[in-house]
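Participant: FYI, in our numbering the residues of the sequence shown are 13 to 311.
Even glycine gets a Cβ: it sits at the ideal position worked out from N, Cα and C.
Bear in mind that the values here come from a model prediction, so they are computed numbers and not experimental data.
Structure provided below as structure tokens; questions to follow.
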Amino acid sequence: MADTDINGLSLDEYARYGRQMIQPGWGLEADDRLNPHVNYDPIPEPLLPSTAVSLLKGHDLILDCTDRPATRYLVSDTACSLAIPLVSGAGISTLGQWSVYGPPGERACYRCVWPRAGASQSCADAGVWGPTVGIVGSAMAADALAVLLESYEPGLKCLQLGGSPMVRTVKPLDEEAEEYAQLCAVETDNGYAQGEDGERISAAELQTLLQSGATVVDTRPPTEFAICSLPGTTNITLDEILKRPEDVPGDGEVTFLCRRGNDSQIAAAKLRTVGRIARDVRGGLVAWSREVDEGFPVY
């Protein structure tokens with residue numbers, strides 16, 4: 013669990029922050045205190061394409077409370093193949109959505125409503141309000157009870173804190189035949205350029221390059237560059253590089269750096285289109301703070 017997820021926890025859950033909540037005796041104590049008459053059966057195994065069917069089969073209802081888009085498709089595809097209804101929800105910033113999907117023949121599946129996974133945003137980058145995930149989670153619990161009581165009314169619920177109305181219900185799409193040959197495909201295109209072996213370097217290798225006086229370009233916006241930067245780096249934004257890659261100074265190799273190692277991949281790929289040699293730093297400044305200088309500020 014990342015530090016940026018803490019504000020999405022209830023007060024009681026702060027006590028178990030930092031623990032693996034799924035481990036027996038680690039994190040379920042609070043749930044047991046709230047209702048000792050419920051039987052909890054923790055499964056300390058990762059949900060993977062190779063394990064999803066065996067882990068989820070035999071259940072009456074599945075609730076997907078994950079925050080990774082690829083995992084949502086994995087859970088939904090598995091639920092459809094097992095004909096188990098699925099309650100799925102998500103929240104980012106002040107926005108949230110939740111609904112009940114499947115089983116086939118009754119309701120549309122997650123993939124019917126959201127055909128393709130787009131580039132995902134982390135809570136650290138996009139931010140998330142605690143009330144957002146609190147509302148989504150409580151509403152998912154209510155819908156789960158409605159499904160079990162056979163009183164659920166179909167609809168995709170969209171939340172916008174501060175909006176009017178705050179919650180909108182969208183009429184669900186009719187179920188469409190889906191091709192599940194790629195059942196449980198976890199790897200999806202995240203919209204980023206993908207660096208090849210030899211085109212990406214580690215934070216430790218960057219340290220050596222900086223000491224040698226190599227050309228290192230920081231692609232972050234000027235405001236972020238002003239907050240913190242590495243000595244010896246030059247600030248040229250990603251937008252500038254994409255518009256005029258030929259204007260990047262120097263004739264030799266250029267190494268690109270950004271906050272997390274995503275924009276730098278795009279910058280390096282663009283520079284290579286004009287015949288230049290370019291590499292980027294895997295993990296960006298976050299990796300630098302983790303692997304080289306723990307005192308370097310991470311924001």
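Is the separation between the beta-carbon of Arg271 and that of Leu297 shorter than 7 Å?
Facilitator: Cβ distance < 7 Å, so Arg271 and Leu297 count as in contact.
Participant: Exposed or buried, which one is Leu161 when buried takes at least 16 other CB atoms within 10 Å?
Facilitator: Burial call: exposed.
Participant: Whole angstroms is fine: what's the gap from Met178's alpha carbon to Tyr164's?
Facilitator: Rounded to whole angstroms, Met178 to Tyr164 spans 21 Å at the Cα level.
Participant: To the nearest angstrom, report how far apart Val112 and Ala91 are at their CA atoms.
Facilitator: The alpha-carbon atoms of Val112 and Ala91 are separated by roughly 11 Å.
Participant: For the alpha helix (DSSP H) holding Cys92, just list the boundary residues, first then last.
Facilitator: Counting along the chain, the alpha helix (DSSP H) containing Cys92 begins and ends at 81–94.
Participant: Can you tell me which of Ser105, Met152, Arg84 puts its alpha carbon nearest to the alpha carbon of Trp126?
Facilitator: Of the listed residues, the one whose Cα sits closest to Trp126 is Arg84.
Participant: Under 8 Å by Cβ, that's how I've got Val229 and Val260 pegged, so tell me the actual separation to the nearest angstrom.
Facilitator: Yes, they are in contact, since the Cβ atoms of Val229 and Val260 sit about 7 Å apart, within 8 Å.
Participant: When we look at the beta-carbon of Ser66 and count the other beta-carbons within 10 Å, is it buried (16 or more) or exposed?
Facilitator: By the neighbour-count rule (16 or more Cβ atoms within 10 Å), Ser66 is not buried but exposed.
Participant: Rounded to a whole number of angstroms, what is the C-alpha to C-alpha distance between Ser214 and Ser276?
Facilitator: Taking the straight line from one Cα to the other gives about 13 Å.
Participant: Run through the segment 41–75 for me and flag every whole alpha helix (DSSP H) of 4 or more residues, listed as ranges in chain order.
Facilitator: Taking only runs of at least 4 residues, the alpha helix (DSSP H) segments lying wholly in the segment 41–75 are 41–46, 64–68.
Participant: Would you call Val286 buried or exposed, if buried means 16 or more other Cβ atoms sit within 10 Å of its Cβ?
Facilitator: By the neighbour-count rule (16 or more Cβ atoms within 10 Å), Val286 is not buried but exposed.
Participant: Where does Ala299 fall in DSSP's three states?
Facilitator: Ala299 falls in the helix class under three-state DSSP.
Participant: Name the DSSP bridge partner or partners of Trp141?
Facilitator: DSSP output for Trp141 lists no bridge partner at all.
Participant: Tell me the DSSP secondary structure of Gly146 in three-state form.
Facilitator: If DSSP states are grouped into helix, strand and coil, Gly146 belongs with the helices.
Participant: Cys124 by DSSP, collapsed to three states: which one?
Facilitator: In the structure shown, Cys124 sits in a helix (DSSP, three-state: H, G or I).
Participant: For Asn47, does the count of other Cβ atoms within 10 angstroms reach 16, so buried, or fall short, so exposed?
Facilitator: So Asn47 ends up on the exposed side.
Participant: Judging by CA-CA distance, which residue of Asp251, Lys255, Thr227 is the nearest neighbour of Gly244?
Facilitator: The option with the nearest alpha carbon to Gly244 is Thr227.
Participant: Using DSSP's beta-bridge definition, name the partner residues of Leu181.
Facilitator: Note that residue 181 corresponds to Thr in the displayed sequence, not to Leu. Bridge partners of Thr181: Lys169.
Participant: Taking the C-alpha atoms as reference points, what is the distance between Glu303 and Ala216?
Facilitator: Their Cα atoms are separated by approximately 7 Å.
Participant: Which stretch, first to last residue, makes up the alpha helix (DSSP H) that contains Ser276?
Facilitator: Here the alpha helix (DSSP H) through Ser276 covers 275–284.
Participant: Taking the alpha-carbon positions, what's the Tyr311 to Leu94 distance?
Facilitator: Their Cα atoms are separated by approximately 43 Å.
Participant: Going by the beta-carbon positions, is the gap between Val293 and Leu254 smaller than 7 Å?
Facilitator: No, the pair does not count as a contact, with Cβ atoms beyond the cut-off.
Participant: Give the DSSP bridge partners of Leu98, in chain order.
Facilitator: In DSSP, Leu98 forms a bridge with Ile74, Tyr113.
Participant: Which residue comes first and which comes last in the beta strand (DSSP E) that contains Leu269?
Facilitator: It spans 266–269 - the beta strand (DSSP E) in which Leu269 sits, taken as one unbroken run.
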